[in-house]
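Residue numbers (my numbering): 10 to 176. C-beta: ideal position from N, C-alpha, C; glycine also. Given the structure is predicted, the values throughout are model-derived calculations rather than measurements. Read through the structure below, which is laid out as structure tokens, and then see the notes.
Structural data, given as structure tokens:
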């Protein structure tokens with residue numbers, strides 16, 4: 010869905026659904042997502058053909074999945090497997106026994122010291138959420154942390170609840 014939003018920003022501004030400022034904020038805040046069958050995918054295929062290392066900067070996220078299940082890092086694949094997977098994405102139609110992916114840039118997350126259930130501190134990546142209503146911050150949501158590079162519950166990440174101290 011995020012990839013669709015980014016593709017539609019200009020149209021949404023033209024139709025006065027969003028202001029130019031709102032579109033700029035969305036463009037800045039949404040991770041660029043390359044969709045199956047899109048012109049952006051064609052460009053990535055061409056650039057990947059020219060550079061065997063380009064795949065290392067991306068991840069593949071399965072369509073119709075969640076919680077980190079099935080995410081592949083480009084550096085886990087050979088160049089030939091990466092190219093073959095991208096080629097399969099030229100056709101955006103869902104098919105039995107074929108996994109479709111969206112492509113996103115890999116984000117190198119910083120590590121934070123987190124005290125886990127055992128009471129010991131571990132260096133972990135953190136991913137969190139916040140809630141906003143009508144553009145106003147209303148509170149923090151759940152967070153997850155993991156010492157692995159994939160911060161997903163599917164891959165063993167821990168849930169962290171948010172606590173706000175009011176003074």
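Checklist entry - Taking C-beta to C-beta, are residue 68 and residue 113 nearer than 9 angstroms? => result Against a cut-off of 9 angstroms, the Cβ pair of residue 113 and residue 68 comes out as a contact.
Checklist entry - Would you report the Cα separation of residue 92 and residue 151, rounded to the nearest angstrom? => result Distance between the alpha carbons of residue 92 and residue 151: 36 angstroms.
Checklist entry - Can you tell me where the alpha helix (DSSP H) with residue 38 in it begins and where it stops? => result The continuous alpha helix (DSSP H) containing residue 38 extends over residues 29-38.
Next on the checklist: Do residue 158 and residue 82 count as a contact pair if the criterion is CB distance below 9 angstroms?
Outcome noted: It is a contact, given that the beta carbons lie within the stated cut-off.
Checklist entry - Mind checking whether residue 142 and residue 132 have CB atoms under 9 angstroms apart? => result Their beta carbons are not under 9 angstroms apart, which means residue 142 does not touch residue 132 by this criterion.
Checklist entry - CA-CA distance, residue 63 and residue 126? => result If I take the Cα positions, the gap works out to 38 angstroms.
Item to check | Residue range of the unbroken alpha helix (DSSP H) whose run includes residue 50 | outcome: Counting along the chain, the alpha helix (DSSP H) containing residue 50 begins and ends at 48-59.
Item to check | Distance between residue 66 and residue 85 (C-alpha atoms, nearest Å) | outcome: Going from the Cα of residue 85 to the Cα of residue 66 covers about 11 angstroms.
Next on the checklist: By DSSP's criteria, residue 108 is part of a beta bridge. Which residues make up the other side?
Outcome noted: Paired residues: none, contrary to the question.
Item to check | Nearest to residue 96 (by Cα), restricted to the options 42, 79, 121, 54 | outcome: Checked all of 42, 79, 121, 54; the closest Cα to residue 96 is 54.
Next on the checklist: Assuming the contact rule is C-beta atoms closer than 8 angstroms, residue 44 and residue 32 should be a hit. Round their C-beta distance to whole Å, please.
Outcome noted: For a cut-off of 8 angstroms, the C-beta gap from residue 44 to residue 32 is around 18 angstroms, too long to register as a contact.
Checklist entry - Is residue 172 closer than 9 angstroms to residue 111 when the C-beta atoms are compared? => result Not a contact, by the Cβ cut-off of 9 angstroms.
Next on the checklist: Let me check understanding here. Comparing Cα to Cα, which of 164, 175, 169 lies closest to residue 79?
Outcome noted: Taking only the C-alpha atoms, the option nearest residue 79 is 164.
Checklist entry - The beta strand (DSSP E) spanning residue 124 covers which residue range? => result Annotation for residue 124: the continuous beta strand (DSSP E) segment containing it runs 121-124.
Checklist entry - Looking only at its own chain, which residues have a Cβ that is under 6 angstroms from the Cβ of residue 137, when we skip the five neighbours before and after it? => result Excluding sequence neighbours, residue 137 sits near 152.
Checklist entry - Which of helix, strand or coil does DSSP assign to residue 70? => result Residue state, collapsed to three classes: strand.
Item to check | Candidates 166, 107, 115, 60, of which the one nearest residue 40 by Cα | outcome: For the set 166, 107, 115, 60, the Cα lying nearest the Cα of residue 40 is the one of 115.
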